[in-house]
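Just below is one structure, and these are the notes that go with it.
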Amino acid sequence: MTLALLNARLIDPASGSESHGGVIIRDGLIDAVGSSVRQGQVPEGAEVHDCAGLVLAPGLIDLCAFAGEPGAEHRETLRTASEAAAAGGVTTLVCRPDTSPVVDDPAIIDFIKRRARDKAVVNVLPSAALSKGLHGAEMTEFGLLMEAGAVFFTDGPRSVMNAQVMRRALIYARDFGALIVHHLEDPTLRGEGVMNEGEFASRLGLHGIPHVAETIVLERDLALVAATGGRYHASMISCSGSIELMRRAKAAGLNVTCGVSINNLALNENDVGAYRTFCKLSPPLRHENERLALVDALADGTIDIIVSDHDPQDVETKRQPFGEAANGAVGLETMLSAALRLHHSGDIALPRLLAAMSSAPADLIGSKAGRLSVGAPADLIVIDPDAPYVLDKAKLKSRSKNSPFDEARMEGKAVKVIVGGRVVVG
Amino acid sequence: MTYPGHPPVAFARRHLLGIQGLNRLEITSLLDAAESYVELSRQVDKKRSTLRGRTQINLFFEASTRTQASFELAGKRLGADVMNMSVGNSSVKKGETLIDTAATLNAMHPDVIVVRHHAAGAVELLSRKVDCAVVNAGDGAHEHPTQALLDALTIRRNKGGIEGLVVAICGDILHSRVARSNIILLSALGAHVRLIGPSTLIPPGFEGLGLPIFTDMKKGLEGADIIMMLRLQRERMSGSFIPSAKEYFRYFGLDQDKLAVAKPDALVMHPGPMNRGVEIATDVADGAQSLIKEQVEMGVAVRMAVLEALAGQRLNA
Numbered sequence: 036m037t038l039a040l041l042n043a044r045l046i047d048p049a050s051g052s053e054s055h056g057g058v059i060i061r062d063g064l065i066d067a068v069g070s071s072v073r074q075g076q077v078p079e080g081a082e083v084h085d086c087a088g089l090v091l092a093p094g095l096i097d098l099c100a101f102a103g104e105p106g107a108e109h110r111e112t113l114r115t116a117s118e119a120a121a122a123g124g125v126t127t128l129v130c131r132p133d134t135s136p137v138v139d140d141p142a143i144i145d146f147i148k149r150r151a152r153d154k155a156v157v158n159v160l161p162s163a164a165l166s167k168g169l170h171g172a173e174m175t176e177f178g179l180l181m182e183a184g185a186v187f188f189t190d191g192p193r194s195v196m197n198a199q200v201m202r203r204a205l206i207y208a209r210d211f212g213a214l215i216v217h218h219l220e221d222p223t224l225r226g227e228g229v230m231n232e233g234e235f236a237s238r239l240g241l242h243g244i245p246h247v248a249e250t251i252v253l254e255r256d257l258a259l260v261a262a263t264g265g266r267y268h269a270s271m272i273s274c275s276g277s278i279e280l281m282r283r284a285k286a287a288g289l290n291v292t293c294g295v296s297i298n299n300l301a302l303n304e305n306d307v308g309a310y311r312t313f314c315k316l317s318p319p320l321r322h323e324n325e326r327l328a329l330v331d332a333l334a335d336g337t338i339d340i341i342v343s344d345h346d347p348q349d350v351e352t353k354r355q356p357f358g359e360a361a362n363g364a365v366g367l368e369t370m371l372s373a374a375l376r377l378h379h380s381g382d383i384a385l386p387r388l389l390a391a392m393s394s395a396p397a398d399l400i401g402s403k404a405g406r407l408s409v410g411a412p413a414d415l416i417v418i419d420p421d422a423p424y425v426l427d428k429a430k431l432k433s434r435s436k437n438s439p440f441d442e443a444r445m446e447g448k449a450v451k452v453i454v455g456g457r458v459v460v461g
Numbered sequence: 004m005t006y007p008g009h010p011p012v013a014f015a016r017r018h019l020l021g022i023q024g025l026n027r028l029e030i031t032s033l034l035d036a037a038e039s040y041v042e043l044s045r046q047v048d049k050k051r052s053t054l055r056g057r058t059q060i061n062l063f064f065e066a067s068t069r070t071q072a073s074f075e076l077a078g079k080r081l082g083a084d085v086m087n088m089s090v091g092n093s094s095v096k097k098g099e100t101l102i103d104t105a106a107t108l109n110a111m112h113p114d115v116i117v118v119r120h121h122a123a124g125a126v127e128l129l130s131r132k133v134d135c136a137v138v139n140a141g142d143g144a145h146e147h148p149t150q151a152l153l154d155a156l157t158i159r160r161n162k163g164g165i166e167g168l169v170v171a172i173c174g175d176i177l178h179s180r181v182a183r184s185n186i187i188l189l190s191a192l193g194a195h196v197r198l199i200g201p202s203t204l205i206p207p208g209f210e211g212l213g214l215p216i217f218t219d220m221k222k223g224l225e226g227a228d229i230i231m232m233l234r235l236q237r238e239r240m241s242g243s244f245i246p247s248a249k250e251y252f253r254y255f256g257l258d259q260d261k262l263a264v265a266k267p268d269a270l271v272m273h274p275g276p277m278n279r280g281v282e283i284a285t286d287v288a289d290g291a292q293s294l295i296k297e298q299v300e301m302g303v304a305v306r307m308a309v310l311e312a313l314a315g316q317r318l319n320a
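Heads up: the protein sequence lines correspond to chains S and R, in order. Residue numbers for the first sequence follow our numbering, beginning at 36 and rising by one. Residue numbers for the second sequence follow our numbering, beginning at 4 and rising by one.
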């Protein structure tokens, strides 16, 4: 099967280059790319797609999505998560290990890979738990789990509070070249907190989560990285204090990167409004000033990647008083549209925005995807950056509908999605 | 039956607390003496009277089967009166301090005390409070000098010498007194020592020793003449230093596949007791390249040489 996508605005985020041209796909790989690929140069028998006026870019890679299996199939399954991903232009998702049972055994990695192979329409890569049972006490079998296919190690939404455990994990991970991905929230400083600490929370009568609950963990982790030389990625930062810490760590040459949730880039604490539980998240939505700082940090490269933080929750866990509702929002289907807001507002150039959702995460997990180059996997998306629509949560592919963007006006989406040379959307 | 004796041992120290500080002559002199006791131990009549009238106390604060038995046999074969004291039935359990225990035993006029203790430095401390000779039978993760001597004797008898051999010490080096004593001794005798283990079990700062350190076992075993495996303590296996015994065996357990990377005539050692299937595969432990049983035999001979050198020099006033 040969495919030809012609007449597109090509954006290769890996090189930052833009051109007008096309892509030839053969046997699931990019066979030719560039301005020389045009009508008349197409191999015989190829299926031709005209992409006039549209952007052609690598498919998005999301390193933080909860995909339900095993154990929470009422919230999401690998099939529904992958369909949501495809609808949002995400061609590779890394699923979280905080399932039931926890992904801390090579057999569970194997289970996820088999289920994904049979059910998923996009690439699904498993991450594995950093500590056994997510208890934060004993490290998991990094070597055996990596051999089974784990792409990195994380305790999902939990932070490892025992510094010695984290230190030894960083040292041990070094021997295997393993990447440690860490959530940043000191549970003792979060305390009873349910949203960003500040005037807004106080007026709502809700307990706040201070910035320091995040920065104290990040600062400790960076000190441990400096002492051990491990490879470390801060999963999602949410405030300017963390940005400053990352800036300094990178300037000092540490092997560290960080991500940001699309929610913290597109929304702020005011979106909680009248106790909207779909905006109850971890990390919490912060003040608008913090959002602006995150956007700047993404533009200047201090923040490396954007994640959807896709966290499907069923109605029962969200239809609760704010303080008692579960954290989390679905995000796979809306990440691209929400990110395009930053392009339309003129804050971040499109290639940089796309890099943070494709080539940069690909580099972190050592994937060959995420770039428009010959021989790379043909995981591609065609984007209409200007297509307007209003999000209707009823139409979401995800099994759960807890989107903070329900009824929001969006501009731009993926109109065609290709995974491994196969058209799955459009 | 007669058997050949050995030249006088050039060892004029009062104690054997560690390998650190011994010179090459002292080491080889002890090994030469031990060589003759190997022969003696293979006779039907193994008894000599070198230490007749001398009292040897084996003071073991930490459980041990083979080392205690080895010291006991060594003393008895030389004719000493040997008394075993282990912590289970001593007044230490009743709260006596190490120094009080030392003073009490000292008052009984022993000629040599063999001490094992779980704390590094404890044997040295005890040696300063007694009038007799003290042998360190293992103190914490510090030193185990007779183990290093018996390992050197085993290597020398099988390889003809130690100079120039590539010796890979593998496993839990962080907690190993055997590794520390062997690093010093084998380096002093001209071996090229390498360390192999996960980074969590390599002692911090050991890069400074100038020895090659490998976290990839196969790379570390390339060209090795001697592979010295270390015991992994059970309490280290479940997540704090390494994730599991299964993963440890996969990457740091000596099996036929990894052994094949070393020289074809490489020999395998282990100080015992072994965790089969954790740090060493059964077919390697019991295989043709294994010296593990011979190490036990050499242990008695080496300890005879040490006891003779220390207790034999004490003359009646």
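The C-beta atom is built at its ideal place from N, Cα and C for all residues, glycine as well.
Discussion item. Less than 9 Å between CB atoms is the rule here; does S247/R satisfy it with respect to chain S?
Written reply: Mapped onto the second sequence, residue 247/R falls at position 244. Chain S, which has a Cβ nearer than 9 Å to the Cβ of S247/R, makes this yes.
Q. Does the count of Cβ pairs from the stretch 394–410 of chain S and the stretch 363–373 of chain S closer than 8 Å reach three?
A. no
I want to know whether the stretch 250–257 of chain S touches the stretch 272–285 of chain S - three or more CB-CB distances under 8 Å.
yes
Euclidean distance between Cα positions of D35/R and S73/R
As a first step, residue 35/R is located in the second sequence; it is residue number 32 there, counting from the start. As a first step, residue 73/R is located in the second sequence; it is residue number 70 there, counting from the start. Near 19 Å, if we compare the C-alpha coordinates of S73/R and D35/R.
| Segment contact flag, the stretch 74–86 of chain R with the stretch 49–64 of chain R, C-beta cutoff 8 Å, min 3 pairs | yes
(Q) Closer than 8 Å between beta carbons: that is the criterion. Which residues of the stretch 248–265 of chain R meet it against chain S? (A) K249, E250, R253 and Y254
- Query: Roughly how many angstroms separate the alpha carbons of L20/R and P148/R, rounded to a whole number?
  - Reply: Position 17 of the second sequence, counting from 1, holds the residue named residue 20/R. Position 145 of the second sequence, counting from 1, holds the residue named residue 148/R. The alpha-carbon atoms of L20/R and P148/R are separated by roughly 7 Å.
Cα-Cα separation, L192/R to I30/R: In the second sequence, the residue the question calls residue 192/R occupies position 189. In the second sequence, the residue the question calls residue 30/R occupies position 27. Answer to the nearest angstrom: the Cα atoms are 9 Å apart.
Quiz item: Buried or exposed: G51/S, going by 16 or more other Cβ atoms within 10 Å of its Cβ?
Solution: Along the first sequence, one-based indexing puts residue 51/S at 16. Answer is exposed; the Cβ neighbour count stays below 16.
**Study point:** Where Q199/S falls: helix, strand or coil (DSSP)
**Key:** Looking up residue 199/S in the first sequence gives position 164. Helix, per DSSP.
- Host alpha helix (DSSP H) of A304/R (start-end): Position 301 of the second sequence, counting from 1, holds the residue named residue 304/R. I295 to A314 is the extent of the alpha helix (DSSP H) around A304/R.
Under 8 Å: do the stretch 262–270 of chain S and the stretch 352–361 of chain S share three or more Cβ pairs, one atom per stretch?
no
Next item on the list: Pull out every residue of the stretch 195–217 of chain S whose Cβ sits closer than 7 Å to any Cβ of chain R, in chain order.
Entry: R203, I206, Y207, R209 and D210
For N290/S, which of P48/S, A213/S, E323/S and L333/S has the nearest alpha-carbon?
Position 255 of the first sequence, counted from the start, is the residue given in the question as residue 290/S. With distances taken between Cα atoms, N290/S lies closest to A213/S.
Next on the checklist: What residue range does the beta strand (DSSP E) around L128/S cover?
Outcome noted: Locating residue 128/S in the first sequence gives position 93, where the first residue counts as 1. Element bounds for L128/S: V125 to C130.
Q.
With H, G and I counted as helix, E and B as strand and the rest as coil, what does DSSP make of S166/S?
A. On the first sequence, residue 166/S is found 131 positions in, with the first residue counted as 1. If DSSP states are grouped into helix, strand and coil, S166/S belongs with the strands.
Check your understanding: Quick one: does K167/S have its CB under 9 Å from some CB of chain R?
Key -> As a position in the first sequence, residue 167/S is number 132, starting the count at 1. Closer than 9 Å to some Cβ of chain R, the Cβ of K167/S qualifies, so yes.
Determine the DSSP secondary structure at M220/R, reduced to helix, strand or coil. The residue given as residue 220/R occupies position 217 in the second sequence. M220/R falls in the helix class under three-state DSSP.
Quiz prompt | Positions along the stretch 199–223 of chain R whose CB lies within less than 7 Å of some CB in chain S | solution = P201, S202, T203 and T218
**Report entry** Length of the line joining the Cα atoms of A320/R and H9/R
**Finding:** Taking the second sequence and counting its residues from 1, one reaches residue 320/R at position 317. Taking the second sequence and counting its residues from 1, one reaches residue 9/R at position 6. Because the pLDDT at A320/R is just 43, under 50, the model does not fix this residue reliably, and the value given afterwards should be weighed accordingly. One C-alpha to the other measures close to 26 Å.
- prompt: Taking Cβ-Cβ distances below 9 Å as the criterion, which residues of the stretch 150–179 of chain S are in contact with chain R?
  reply: S166, K167, A172, E173, M174, T175, E176, F177, G178 and L179
Note to self: Under DSSP, the beta strand (DSSP E) around H217/S begins and ends at which residues?
What the structure shows: Your numbering for residue 217/S matches position 182 in the first sequence. L214 to H217 is the span of the beta strand (DSSP E), which, as asked, contains H217/S.
**Item:** Proximity below 9 Å, CB of A422/S to CB of K451/S
**Value:** Here residue 422/S refers to the residue found at position 387 of the first sequence. Here residue 451/S refers to the residue found at position 416 of the first sequence. No, these two residues do not count as a Cβ contact at 9 Å.
At 4 residues or longer, and completely inside the stretch 330–378 of chain S: list those alpha helix (DSSP H) runs for me, N to C.
-> 350–353
Going by the CB atoms, is the gap between L294/R and G228/R shorter than 9 Å? Indexing the second sequence from 1 puts residue 228/R at position 225. Indexing the second sequence from 1 puts residue 294/R at position 291. The sequence given here has Asp at residue 228/R, not Gly. No, the pair does not count as a contact, with Cβ atoms beyond the cut-off.
**Q.** Nearest candidate by alpha-carbon position, reference H273/R, set E297/R, H121/R, A265/R and F252/R
**A.** Counted from its first residue, the second sequence places residue 273/R at position 270. Measuring from the Cα of H273/R, the nearest candidate turns out to be E297/R.
Proximal residues to A81/S (C-beta, below 8 Å), its chain only, five neighbours per side dropped = Counting from one through the first sequence, the residue named residue 81/S turns up at place 46. Excluding positions up to five away in sequence, the list reads T37, L38, A39 and I59.
Could you check whether L89/S and I418/S sit closer than 9 Å to each other, using their CB atoms as the reference points? The count along the first sequence starts at 1 and reaches residue 418/S at position 383. The count along the first sequence starts at 1 and reaches residue 89/S at position 54. Cβ distance < 9 Å, so I418/S and L89/S count as in contact.
Discussion item. If contacts are defined as beta-carbon pairs under 8 Å, then Q259/R and V287/R qualify, I think. What distance do you get, rounded to the angstrom?
Written reply: The residue given as residue 259/R occupies position 256 in the second sequence. The residue given as residue 287/R occupies position 284 in the second sequence. Right, the Cβ-Cβ distance comes to about 6 Å (below 8 Å), so this counts as a contact.
Pull up the distance between the alpha-carbon of T218/R and that of G200/R, whole angstroms please.
Against the second sequence, residue 218/R aligns to sequence position 215. Against the second sequence, residue 200/R aligns to sequence position 197. Cα to Cα, the separation comes out at about 5 Å.
Return the residue from the list A182/R, I216/R and I205/R that minimises the CA-CA distance to R197/R.
-> Locating residue 197/R in the second sequence gives position 194, where the first residue counts as 1. Of the listed residues, the one whose Cα sits closest to R197/R is I216/R.
- Does the separation of the CB atoms of N61/R and N87/R fall below 9 Å? As a first step, residue 61/R must be located in the second sequence, where it is residue number 58. As a first step, residue 87/R must be located in the second sequence, where it is residue number 84. Yes, they are a contact pair.
query = Does the beta carbon of F14/R come closer than 9 Å to any beta carbon on chain S?
reply = On the second sequence, residue 14/R is found 11 positions in, with the first residue counted as 1. Judged by the 9 Å Cβ criterion, F14/R is not in contact with chain S.
Is it true that the CB of L389/S sits closer than 9 Å to the CB of A92/S? Against the first sequence, residue 92/S aligns to sequence position 57. Against the first sequence, residue 389/S aligns to sequence position 354. Yes. Within cutoff.
Is it the case that the stretch 102–113 of chain S contacts the stretch 166–174 of chain S, given that we only count it when at least three CB pairs across the two stretches are under 8 Å?
no
- Task: Ignore the nearest five residues each way along the sequence and tell me which others in R55/R's own chain have a CB closer than 6 Å to its CB.
- Result: Along the second sequence, read from residue 1 onward, the residue named residue 55/R stands at position 52. So the list reads G82, once near-sequence residues are dropped.
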